[in-house]
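**Student:** If you read the sequences in order, they're chains A and B.
For the first sequence, this note's numbering assigns the number 15 to the initial residue and increments by one for each residue that follows.
For the second sequence, this note's numbering assigns the number 15 to the initial residue and increments by one for each residue that follows.
The beta-carbon is built from N, C-alpha and C at its ideal position, and this holds for glycine as well.
Protein chains: 2
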Amino acid sequence: MSSRHADTRQHILDTGNRIIAAKGFSCVGLNELLQASEVPKGSFYHYFKSKERFGQALLEDYFDSYLRQLDALLEAPGLTARERLLRYFQQWRATQAEEGDEQKCLVVKLGAEVADLSEAMRVTLRDGTERIIGRLAGCIAAGVADATLPQLDADASARMLYQMWLGASLLAKLQRNASPLDQAWAATLQRLSA
Amino acid sequence: MSSRHADTRQHILDTGNRIIAAKGFSCVGLNELLQASEVPKGSFYHYFKSKERFGQALLEDYFDSYLRQLDALLEAPGLTARERLLRYFQQWRATQAEEGDEQKCLVVKLGAEVADLSEAMRVTLRDGTERIIGRLAGCIAAGVADATLPQLDADASARMLYQMWLGASLLAKLQRNASPLDQAWAATLQRLSA
DNA sequence: GGTGCAATTAGACCAGTCGTCTAGAGCCGA
DNA sequence: TCGGCTCTAGACGACTGGTCTAATTGCACC
Chain A
15 MSSRHADTRQ HILDTGNRII AAKGFSCVGL NELLQASEVP KGSFYHYFKS
65 KERFGQALLE DYFDSYLRQL DALLEAPGLT ARERLLRYFQ QWRATQAEEG
115 DEQKCLVVKL GAEVADLSEA MRVTLRDGTE RIIGRLAGCI AAGVADATLP
165 QLDADASARM LYQMWLGASL LAKLQRNASP LDQAWAATLQ RLSA
Chain B
15 MSSRHADTRQ HILDTGNRII AAKGFSCVGL NELLQASEVP KGSFYHYFKS
65 KERFGQALLE DYFDSYLRQL DALLEAPGLT ARERLLRYFQ QWRATQAEEG
115 DEQKCLVVKL GAEVADLSEA MRVTLRDGTE RIIGRLAGCI AAGVADATLP
165 QLDADASARM LYQMWLGASL LAKLQRNASP LDQAWAATLQ RLSA
């Protein structure tokens with residue numbers, strides 16, 4: 015696999031991410047995608063077997079990069095586990111609240127649409143969210159260990175928080191307003207206190 | 015407006031609900047919808063100005079019926095406010111966990127997809143969810159008043175619970191598994207206790 | 001420079017898209 | 001019986017959808 019090959023593939027993926035995060039998966043036709051990436055249609059099927067496989071690759075790429083950032087955040091040195099966890103949610107809130115047409119979190123944007131459309135994409139989303147929850151649970155466990163968090167069931171708390179933030183992002187999207195995220199932030203603080 | 019008129023219109027809406035709740039809005043073409051409802055295309059455009067307006071009507075109809083059921087549930091006589099509220103979430107859990115391809119909650123299924131697609135549909139979803147949250151807040155306030163619930167900020171709690179359940183439904187959809195809903199149930203009980 | 005093979009592209013293909021439009025069927029009051 | 005509505009029927013147009021095959025390109029090796 016030449017570097018040019020990898021480049022073009024990644025370029026289609028990056029462009030796809032931008033467009034699909036704004037419009038959804040089914041709504042975006044190959045034409046639009048290819049025109050935006052300035053890649054001829056024929057090439058697309060060289061790099062991806064089908065639109066569905068492309069979508070799956072898009073999600074894999076998304077989760078890889080998301081988890082990389084998440085790991086960097088949750089392993090930041092010189093902070094307590096509590097601080098690291100809160101920074102993650104604070105950042106979620108900030109990212110979601112940003113201006114811009116595209117939905118930053120592909121789980122929110124594509125989850126419901128794609129789950130019934132493609133089993134492969136559903137599984138990719140499921141596994142990705144499980145990995146995210148796993149990292150959060152790890153950080154909560156560390157917080158319990160270093161006593162910066164109260165005695166919590168790490169896994170259950172991680173799941174509950176993640177769910178709540180997903181719902182908050184969805185509601186924020188409907189309202190075009192960050193207040194559901196503020197709501198989630200307040201509830202998060204409450205949950206992570208005594 | 016003759017009753018036949020209302021019937022056909024409602025019939026298209028009902029069929030549309032079934033199909034769109036399973037596949038999403040963009041994914042379902044008029045042909046599929048019309049074939050399933052056994053209504054000719056000409057009629058469709060008699061009753062609805064466009065596919066988008068149809069989608070909006072679908073959501074309005076959905077929220078109307080949802081709120082009717084919700085009101086029945088939250089005003090059930092002979093139960094404390096706490097019991098009525100818990101019954102709602104219990105029912106949410108039961109409904110979501112049911113077998114069947116379609117997503118029962120259109121907010122979960124269509125929210126993210128439609129918010130960036132159609133301003134009219136987004137606003138309909140926003141207003142509908144606000145009304146739901148309003149009812150929940152009312153019930154929580156009643157629970158605080160009749161002392162079956164602890165002292166809670168009714169509005170904030172309603173929002174937080176609704177968000178969490180939305181996220182839980184999304185995750186349950188990805189996992190094809192009710193455990194996120196059990197999680198939400200546990201967190202709900204915790205929140206509504208002391 | 002020439003050869004052979006893989007990587008890449010161009011575009012044909014047709015089923016499907018939404019929406020328009022015309023023609024007429026059915027109904028109802030006068 | 002007529003006039004005038006609402007509603008149905010479905011052909012049609014202009015276009016987009018994803019897919020695939022055949023042609024072209026680029027490159028390594030001789």
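Listed from N- to C-terminal order along the chain, which residues in the segment 101-120 of chain B have their beta-carbon within a distance smaller than 7 Å of any beta-carbon of chain A?
**Tutor:** Under the 7 Å Cβ criterion, the segment 101-120 of chain B contributes Asp115, Gln117.
**Student:** Which two residues bound the contiguous alpha helix (DSSP H) that contains A:Lys123?
**Tutor:** Unbroken alpha helix (DSSP H) run through A:Lys123: 120-129.
**Student:** On the criterion of 16 or more Cβ atoms from any shown chain inside 10 Å, does B:Gly43 qualify as buried, or is it exposed?
**Tutor:** It counts as exposed.
**Student:** Compare the C-beta of B:Lys123 against all C-beta atoms of chain A and say whether one is closer than 7 Å.
**Tutor:** For B:Lys123, the answer is yes, since a Cβ of chain A falls inside 7 Å of its Cβ.
**Student:** Quick check: what's the CA-CA separation for A:Lys55 versus A:Leu47?
**Tutor:** Between A:Lys55 and A:Leu47, the C-alpha separation is close to 9 Å.
**Student:** Just how far apart, CA to CA, sit B:Ser16 and B:Arg23?
**Tutor:** With a pLDDT of only 39 at B:Ser16, under the threshold of 50, the placement of this residue in the model should not be trusted; the figure read from the coordinates follows. Each residue's Cα considered, the two are about 11 Å apart.
**Student:** Report yes if the CB atom of B:Ser197 is closer than 7 Å to the CB atom of A:Gly181, and no otherwise.
**Tutor:** It is worth fixing the name first, because residue 197 of chain B is Gln in this sequence and not Ser. Not a contact, by the Cβ cut-off of 7 Å.
**Student:** Taking Cβ-Cβ distances below 8 Å as the criterion, which residues of the segment 124-140 of chain A are in contact with chain B?
**Tutor:** Answer set for the segment 124-140 of chain A: Leu124, Gly125, Ala126, Glu127, Ala129, Asp130, Leu131, Arg136, Leu139, Arg140.
**Student:** For the alpha helix (DSSP H) containing A:Gly12, name the first residue and the last one.
**Tutor:** The first residue shown for chain A is 15 and the last is 208, placing residue 12 of chain A beyond what the model contains.
**Student:** Quick one: what does DSSP say A:Asp75 is sitting in, helix, strand or coil?
**Tutor:** Helix.
**Student:** Taking the beta carbon of B:Gly30 as the centre, do at least 16 other beta carbons fall within 10 Å, making it buried, or is it exposed?
**Tutor:** That one is buried.
**Student:** Quick one: measure Cβ to Cβ for A:Ile2 and A:Leu81, integer angstroms, because I've assumed they're closer than 8 Å.
**Tutor:** Missing from the structure shown is residue 2 of chain A; chain A here goes from 15 to 208 and no further.
**Student:** In its own chain, which residues sit with a C-beta less than 7 Å from the C-beta of B:Arg136, not counting the 5 before and 5 after it?
**Tutor:** These residues qualify, in order along the chain: Val128, Ala129.
**Student:** For A:Ser132, which three-state DSSP category applies?
**Tutor:** Coil at A:Ser132, not helix or strand.
**Student:** Give me, in chain order, the residues of the same chain whose beta-carbon lies closer than 7 Å to that of A:Pro194; leave out the 5 immediate sequence neighbours on both sides.
**Tutor:** Cβ neighbours of A:Pro194 beyond the five flanking positions: Ala182, Leu185, Ala186.
**Student:** Out of A:His60, A:Gln70, A:Leu131, A:Phe39, state which residue places its alpha-carbon closest to the alpha-carbon of A:Gly142.
**Tutor:** Of A:His60, A:Gln70, A:Leu131, A:Phe39, the residue nearest in Cα terms is A:Gln70.
**Student:** Should A:Phe68 and A:Phe77 be called a contact, given that it needs their Cβ atoms to be closer than 7 Å?
**Tutor:** No.
**Student:** Rounding to the nearest angstrom, what Cα-Cα distance links B:Asn45 and A:Glu133 in this structure?
**Tutor:** Computed Cα separation, rounded: 24 Å.
**Student:** Given this structure, state the Cα-to-Cα distance separating A:Ala36 from B:Thr162, to the nearest angstrom.
**Tutor:** Going from the Cα of A:Ala36 to the Cα of B:Thr162 covers about 44 Å.
**Student:** With 7 Å set as the bound, which would you pick, yes or no: does the beta-carbon of A:Gln165 sit closer than that to a beta-carbon of chain B?
**Tutor:** No, because no Cβ of chain B sits closer than 7 Å to the Cβ of A:Gln165.
**Student:** Chain B beta carbons: is any one of them nearer than 7 Å to that of A:Leu175?
**Tutor:** No, because no Cβ of chain B sits closer than 7 Å to the Cβ of A:Leu175.
**Student:** From this set, A:Ser51, A:Thr138, A:Glu113, which residue's C-alpha is nearest A:Glu66's C-alpha?
**Tutor:** Measuring from the Cα of A:Glu66, the nearest candidate turns out to be A:Thr138.
**Student:** List the whole-angstrom C-beta distance separating A:Gly157 from A:Ala95, where the pair is believed to meet the contact cut-off of C-beta under 8 Å.
**Tutor:** The Cβ separation is near 4 Å, so the contact holds.
**Student:** Taking the straight line between their C-alpha atoms, what separation do you get for B:Ala108 and B:Phe58?
**Tutor:** Going by the C-alpha atoms only, they are around 34 Å apart.
**Student:** Could you pull the start and end residues of the alpha helix (DSSP H) that A:Gly56 belongs to?
**Tutor:** Start and end: 55-61.
**Student:** How big is the Cα-Cα spacing for B:Asp85 and B:Phe103?
**Tutor:** Cα to Cα, the separation comes out at about 14 Å.
**Student:** Run through chain A and tell me which residues come within less than 8 Å of B:Ala198, C-beta to C-beta.
**Tutor:** Residues of chain A passing the Cβ test: Met174, Gln177.
**Student:** Taking beta-carbon pairs under 8 Å, can you tell me which members of the segment 54-83 of chain A lie near chain B?
**Tutor:** If the cut-off is 8 Å between Cβ atoms, the segment 54-83 of chain A has nothing near chain B.
**Student:** Does A:Leu206 get closer than 7 Å to chain B when you measure Cβ to Cβ?
**Tutor:** Answer no: the Cβ-Cβ gap between A:Leu206 and chain B never drops below 7 Å.
**Student:** Sort A:Val121, A:Ser79, A:Gln105, A:Asp28 by Cα distance to B:Gln189 and report the nearest one.
**Tutor:** When only C-alpha atoms are compared, the closest one is A:Val121.
**Student:** Interface residues of chain B around A:Leu91 at Cβ under 7 Å?
**Tutor:** In the sequence under discussion, the amino acid at residue 91 of chain A is Pro, which differs from the Leu named in the question. None at all; the shortest Cβ gap to chain B is about 31 Å.
**Student:** Whole angstroms is fine: what's the gap from B:Asp169's alpha carbon to A:Ser64's?
**Tutor:** Computed Cα separation, rounded: 47 Å.
**Student:** Taking 6 Å as the cut-off, is the beta-carbon of A:Arg149 closer than that to any non-hydrogen atom of the ligand NAP?
**Tutor:** Of the ligands one can find in the structure shown there are none, so the ligand NAP has no counterpart to examine.
**Student:** Which of helix, strand or coil does DSSP assign to A:Ala161?
**Tutor:** Looking at A:Ala161 - three-state DSSP - the assignment turns out to be coil, as it is neither helix nor strand.
**Student:** State the start and end residues of the unbroken alpha helix (DSSP H) segment that holds A:Val197.
**Tutor:** In the sequence on display, residue 197 of chain A carries Gln and not Val. Counting along the chain, the alpha helix (DSSP H) containing A:Gln197 begins and ends at 193-205.
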